[in-house]
Ligand SMILES: [Zn+2]
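Residue numbers (full-length UniProt numbering): 1 to 191.
Next comes the structure, spelled out in structure tokens:
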């Protein structure tokens with residue numbers, strides 16, 4: 001997309017894909033929506049296209065993102081949900097005016113109240129977070145096993161034993177780290 005910016009990680013769950021726009025939270029954090037334009041890009045690839053975004057709207061988006069991260073993390077470890085995070089999620093949900101539209105192909109689309117209404121898009125993301133934190137969808141919130149990540153993700157595997165937020169990134173890195181650790185312990189085993 002835009003050279004110089006880190007790629008997006010696209011998951012199947014809108015709310016946790018959104019919290020994934022800040023990755024490696026417990027390591028060297030990578031901000032994937034550093035500018036309003038990047039938020040526009042992210043919303044576009046997630047079916048919530050807007051024409052423009054102000055710095056204030058980007059701030060609202062990041063506040064919502066961190067609130068979802070805090071509430072989803074608390075839910076994953078069965079802690080009390082933080083009141084300030086709930087306030088932000090509920091405010092964003094209440095202020096969004098997006099409408100769900102059914103297409104002729106039987107797909108759901110979101111129609112925003114105006115082409116620049118980032119708040120409507122944030123309302124959709126907040127409502128998505130509410131549905132997974134409230135346990136209304138088939139799956140379970142869990143924390144990524146990578147020590148530098150620990151992102152909250154929504155496990156929809158049948159056994160509910162997924163360990164990583166993403167197999168392609170955190171999963172592979174952990175496997176490689178374990179492989180190298182084993183080689184150090186047992187240098188001959190690799191020969
Ligand atoms: Zn992870």
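Using N, Cα and C, we set each Cβ at its ideal position, and we do this for glycine too.
Own chain residues within Cβ distance below 7 Å of residue i, not counting five before or after
{"i": "residue 102", "result": "108"}
{"i": "residue 6", "result": "30 and 32"}
{"i": "residue 191", "result": "Because the pLDDT at residue 191 is just 43, under 50, the model does not fix this residue reliably, and the value given afterwards should be weighed accordingly. Correct list: empty, nothing qualifies."}
{"i": "residue 81", "result": "71, 74 and 75"}
Closest by C-alpha distance to residue i, when choosing among the options
{"i": "residue 161", "options": "174, 168 and 145", "result": "145"}
{"i": "residue 62", "options": "142, 137 and 15", "result": "15"}
{"i": "residue 47", "options": "121, 129, 27 and 71", "result": "121"}
{"i": "residue 21", "options": "82, 143 and 10", "result": "10"}
{"i": "residue 156", "options": "88, 44, 139 and 163", "result": "139"}
{"i": "residue 60", "options": "90, 81, 44 and 82", "result": "90"}
{"i": "residue 45", "options": "88, 12 and 168", "result": "12"}
Residue i to residue j span [Cα, whole Å]
{"i": "residue 131", "j": "residue 94", "result": "14 Å"}
{"i": "residue 186", "j": "residue 180", "result": "10 Å"}
{"i": "residue 85", "j": "residue 58", "result": "17 Å"}
{"i": "residue 128", "j": "residue 183", "result": "43 Å"}
{"i": "residue 149", "j": "residue 96", "result": "30 Å"}
{"i": "residue 147", "j": "residue 56", "result": "32 Å"}
{"i": "residue 111", "j": "residue 78", "result": "34 Å"}
{"i": "residue 143", "j": "residue 69", "result": "11 Å"}
{"i": "residue 136", "j": "residue 105", "result": "25 Å"}
{"i": "residue 177", "j": "residue 49", "result": "38 Å"}
{"i": "residue 153", "j": "residue 72", "result": "8 Å"}
{"i": "residue 164", "j": "residue 28", "result": "18 Å"}
{"i": "residue 151", "j": "residue 170", "result": "10 Å"}
{"i": "residue 92", "j": "residue 123", "result": "5 Å"}
{"i": "residue 1", "j": "residue 43", "result": "Since pLDDT at residue 1 reaches only 47, below the 50 mark, its modelled position is unreliable, and no value is offered."}
{"i": "residue 174", "j": "residue 25", "result": "16 Å"}
Closer than 7 Å: residue i CB and nearest ligand 1 heavy atom
{"i": "residue 166", "result": "yes"}
{"i": "residue 151", "result": "yes"}
{"i": "residue 146", "result": "yes"}
{"i": "residue 53", "result": "no"}
{"i": "residue 170", "result": "yes"}
6 Å CB neighbourhood of residue i in its chain, flanking five on each side removed
{"i": "residue 53", "result": "36, 39, 40 and 118"}
{"i": "residue 100", "result": "108"}
{"i": "residue 23", "result": "30"}
Assumed close pair residue i, residue j - CB separation to whole angstroms, cut-off 8 Å
{"i": "residue 65", "j": "residue 18", "result": "6 Å"}
{"i": "residue 133", "j": "residue 75", "result": "5 Å"}
{"i": "residue 51", "j": "residue 113", "result": "With a Cβ gap of about 13 Å, residue 51 and residue 113 do not count as contacting."}
Same chain only: Cβ atoms within 8 Å of residue i, ignoring 5 sequence neighbours per side
{"i": "residue 172", "result": "none"}
Closer than 8 Å to chain C by CB, residue i
{"i": "residue 57", "result": "Looking for chain C here will not work: only one protein chain is present."}
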